[in-house]
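Novice:
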Amino acid sequence: MKKDIHPDYHPVVFRDVSGEFAFLTRSTATPSKTIVWEDGNTYPLVDIEISSATHPFYTGQSRVVDTAGRVEKFRQRYGDRGSKGAAQTAAPETPAPEASDSDDA
Numbered sequence: 001m002k003k004d005i006h007p008d009y010h011p012v013v014f015r016d017v018s019g020e021f022a023f024l025t026r027s028t029a030t031p032s033k034t035i036v037w038e039d040g041n042t043y044p045l046v047d048i049e050i051s052s053a054t055h056p057f058y059t060g061q062s063r064v065v066d067t068a069g070r071v072e073k074f075r076q077r078y079g080d081r082g083s084k085g086a087a088q089t090a091a092p093e094t095p096a097p098e099a100s101d102s103d104d105a
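First residue of the sequence shown? That's 1 in the UniProt record's numbering, and the numbers climb one at a time after it.
1) Counting only beta-carbon atoms, is lysine 3 nearer than 7 Å to chain D?
2) Is the beta carbon of arginine 15 closer than 7 Å to that of aspartate 39?
3) Measure the CB-CB distance between tryptophan 37 and leucine 45 and report whether it falls below 7 Å.
4) Taking just the CA atoms, how far does valine 17 sit from phenylalanine 74?
5) Check for me: the alpha helix (DSSP H) holding tyrosine 78 runs from which residue to which?
6) Are the beta-carbon atoms of threonine 34 and threonine 28 separated by less than 7 Å?
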């Protein structure tokens with residue numbers, strides 16, 4: 001292998017913040033947080049939202065996962081442009097044509 005072209009591959013702890021589940025693996029991630037692991041060593045720490053311990057597919061439980069307020073985040077990012085489609089789909093009310101009572105027959 002060529003030297004100095006590959007990223008540093010080192011032990012990292014990934015922690016699921018919603019399930020208090022953590023695991024030690026190797027990664028190229030370089031977070032600024034650290035944690036003291038069960039073996040007494042200090043490792044870099046990456047916090048994740050969902051892991052196999054809390055993902056509905058693996059647990060068989062259906063639950064709402066909206067930690068960041070996705071709709072609010074979308075509105076902050078794009079403003080009212082997101083509601084443009086909803087306004088176009090609502091048709092304005094038009095009065096029904098009046099029935100004529102002509103007895104021309």
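Glycine included, C-beta positions come from ideal geometry on N, C-alpha and C.
As the structure is a prediction and not an experimental result, all values here were calculated from the model.
Specialist: Straight from the coordinates:
1) Note that chain D does not occur in the displayed structure, where there is just one protein chain.
2) no
3) no
4) 23 Å
5) 70-78
6) no
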